[in-house]
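A.B. asks: First residue of the sequence shown? That's 69 in the working numbering, and the numbers climb one at a time after it.
All residues carry an ideal CB built from backbone N, CA and C; glycine is no exception.
First, the structure itself, so that you have it in front of you.
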Amino acid sequence: MKRVVAILIAGAALAGVVLVIMGTISDDSQAPSSGSEAVIGANYYSLRDTTGEQSINMFAMQPVDASVAWREDTIESITFANEEMEVENVRVSTGGEHSGHILLNIILNVRYDNTGLETTEDMTVTFTDGTTETHTFGEMSFRRSDSHYTEVFGTLDDYRVTYEDVHFEAALENEAAETIHLRQISDNQNVLSYQFEPALEMAEGSREDISITFDVEDEAYDFYTLHPVVHYSREEGAEETIALPPVQYNVFLSDEEKAERILTE
Numbered sequence: 069m070k071r072v073v074a075i076l077i078a079g080a081a082l083a084g085v086v087l088v089i090m091g092t093i094s095d096d097s098q099a100p101s102s103g104s105e106a107v108i109g110a111n112y113y114s115l116r117d118t119t120g121e122q123s124i125n126m127f128a129m130q131p132v133d134a135s136v137a138w139r140e141d142t143i144e145s146i147t148f149a150n151e152e153m154e155v156e157n158v159r160v161s162t163g164g165e166h167s168g169h170i171l172l173n174i175i176l177n178v179r180y181d182n183t184g185l186e187t188t189e190d191m192t193v194t195f196t197d198g199t200t201e202t203h204t205f206g207e208m209s210f211r212r213s214d215s216h217y218t219e220v221f222g223t224l225d226d227y228r229v230t231y232e233d234v235h236f237e238a239a240l241e242n243e244a245a246e247t248i249h250l251r252q253i254s255d256n257q258n259v260l261s262y263q264f265e266p267a268l269e270m271a272e273g274s275r276e277d278i279s280i281t282f283d284v285e286d287e288a289y290d291f292y293t294l295h296p297v298v299h300y301s302r303e304e305g306a307e308e309t310i311a312l313p314p315v316q317y318n319v320f321l322s323d324e325e326k327a328e329r330i331l332t333e
């Protein structure tokens, strides 16, 4: 396994770091196909926090001879099929060429205010020349949370946010002023999940070094960005949930590996 880049960042910083490392990949391009549209990677987003604002990376491949190029100066707006999710800003960076395509990292600042679960799979791109394209990009879910993870687990020192597989590590310290029982860690929709069997008991003030590999319900996605959701209960209490800072899977692969994932059906 290649060495994983591990950086102490969270929230909007994740998207910015990916923008910086977009590099040049080897060009084994074939004859480009004229007039074809961008190919969007299978991106999975499961986001849940108290702010209602997130920056996300969306990876795609653009034919080098595309009649309408995806650039910041050519994109008028991007909207999701679910209007509860609003794109407030769009940035686009490019990588190298691969099989007649160029790698795109589309960075979207997304806002969502609804406290319920909102999902979408499609987006419409409107260009400055008035043309539009609708794409399926994978799946996105958002949920606004009223509680912050520091209320239960403190500051989360040495929290790892980037991985090359669906692993998760965290040092959790119980600051809830009572014993809690960890039952599950998942995303909003249990596409990735891990059950503690039996439940992991954490006394007040105790620390647990968590190192797990998620069970994956659907392996069709190329890239994952999610807030791990901890399912826990207090003594004699009902199950509660709280979201940890976001983590990303596969977004720090080489540009060539990203390109191959996107272009391979």
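1. On the criterion of 16 or more Cβ atoms from any shown chain inside 10 Å, does ASP233 qualify as buried, or is it exposed?
2. To which residues does DSSP link PHE148 through a beta bridge?
3. Let me check understanding here. Comparing Cα to Cα, which of ALA238, THR281, THR119, GLY198 lies closest to GLY222?
4. Report the three-state DSSP secondary structure of ASP133 (helix, strand or coil).
5. State the DSSP-derived secondary structure class of LEU331, mapped to helix, strand or coil.
6. How about the region 177-188 and the region 271-284: do they share at least three Cβ pairs that are nearer than 8 Å?
7. Excluding the five sequence neighbours on either side, which residues of its own chain have a C-beta within less than 8 Å of the C-beta of GLU219, listed in chain order?
8. Can you name the start and end residues of the beta strand (DSSP E) that PHE264 belongs to?
9. Taking 8 Å as the limit between beta carbons, can you name the residues of its chain near ARG139, skipping five residues before and five after?
10. Give the DSSP-derived three-state secondary structure of PHE221 in the structure shown.
11. Taking ASP226 as the reference, which of GLU241, ILE170, GLU269, TYR289 has the closest Cα?
C.D. replies: Working from what's here:
1. exposed
2. MET191
3. ALA238
4. coil
5. helix
6. no
7. GLU243, ALA244, ILE310
8. 260-270
9. VAL160
10. helix
11. GLU241
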